[in-house]
Each structure stands twice: as C-alpha cells, then as structure tokens.
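S.K.: Heads up: the sequence shown is residues 4 to 85, going by the working numbering.
Glycine is no exception: its CB is placed at the ideal position from the N, C-alpha and C atoms.
These numbers were taken from a predicted model, which means no experiment stands behind them.
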Amino acid sequence: MEEKSVSLPRESLRQLDLPPELIDHYKSIQRRYSNPIVELRNGVCLGCFMSLASSHKQQVVSSEKGFGICEFCGRILSYEEY
Ligand SMILES: [Zn+2]
Numbered sequence: 004m005e006e007k008s009v010s011l012p013r014e015s016l017r018q019l020d021l022p023p024e025l026i027d028h029y030k031s032i033q034r035r036y037s038n039p040i041v042e043l044r045n046g047v048c049l050g051c052f053m054s055l056a057s058s059h060k061q062q063v064v065s066s067e068k069g070f071g072i073c074e075f076c077g078r079i080l081s082y083e084e085y
C-alpha cells in the first residue's frame, strides 16, 4: 500500500476534474473556504467532520467522478478509491 503524502497537491488536480454543474458552486464557496474541495472518507466530510447520511454518501460514491456537495458545510466532496 502506498504511503499517503499530505504534501501532494491533490486538490488542484481534482479541481480540473470538476463536472460543469459544480464549477459555479466551487467558485462561490471558494471565497468562503480556503479548502473548497475536501475528501469524503468513511462517510465523513473532512471539511466540517460531519457524518453524511448513508443515502447521501452513496450518492457521492456512485456519482460518475466521485463528487458531491456536503449538506452541512457546502464544500465539494471528493470521493476517491485508494
Ligand atoms: Zn462538510
């Protein structure tokens, strides 16, 4: 298993992957948060550390590129399989 590197600029790479319907949302929350795209891990938003409802989590996990919007803080959730 690969060691997780915290210094990897993963967010900027993921930003390029954003589906068009999330780009406007991204721009609006970008002013509010320094980290508008956060990881969804074990059903928890790593921006606000709230646990998503399992149906919402499933929606993000099964979306085409693994993106969703946190229902609590509004950040963009990025789900990736490792
Ligand atoms: Zn959140």
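With a Cβ-Cβ cutoff of 8 Å, do GLN18 and ILE40 count as a contact?
M.R.: A contact, by the Cβ cut-off of 8 Å.
S.K.: Within 7 Å: the Cβ of ARG34 and any heavy atom of ligand 1?
M.R.: No, the beta carbon of ARG34 sits no closer than 7 Å to any heavy atom of ligand 1.
S.K.: Could you say which of CYS51, ARG44, MET53, GLU24 lies nearest to SER81 if we only look at CA atoms?
M.R.: That would be ARG44, whose Cα lies nearest to the Cα of SER81.
S.K.: Does DSSP classify LEU49 as helix, strand or coil?
M.R.: Coil.
S.K.: Quick one: what's got a C-beta closer than 8 Å to HIS59's C-beta in the same chain, skipping five residues either side?
M.R.: Excluding residues within five positions, the ones whose Cβ falls inside 8 Å are GLY71, GLU74.
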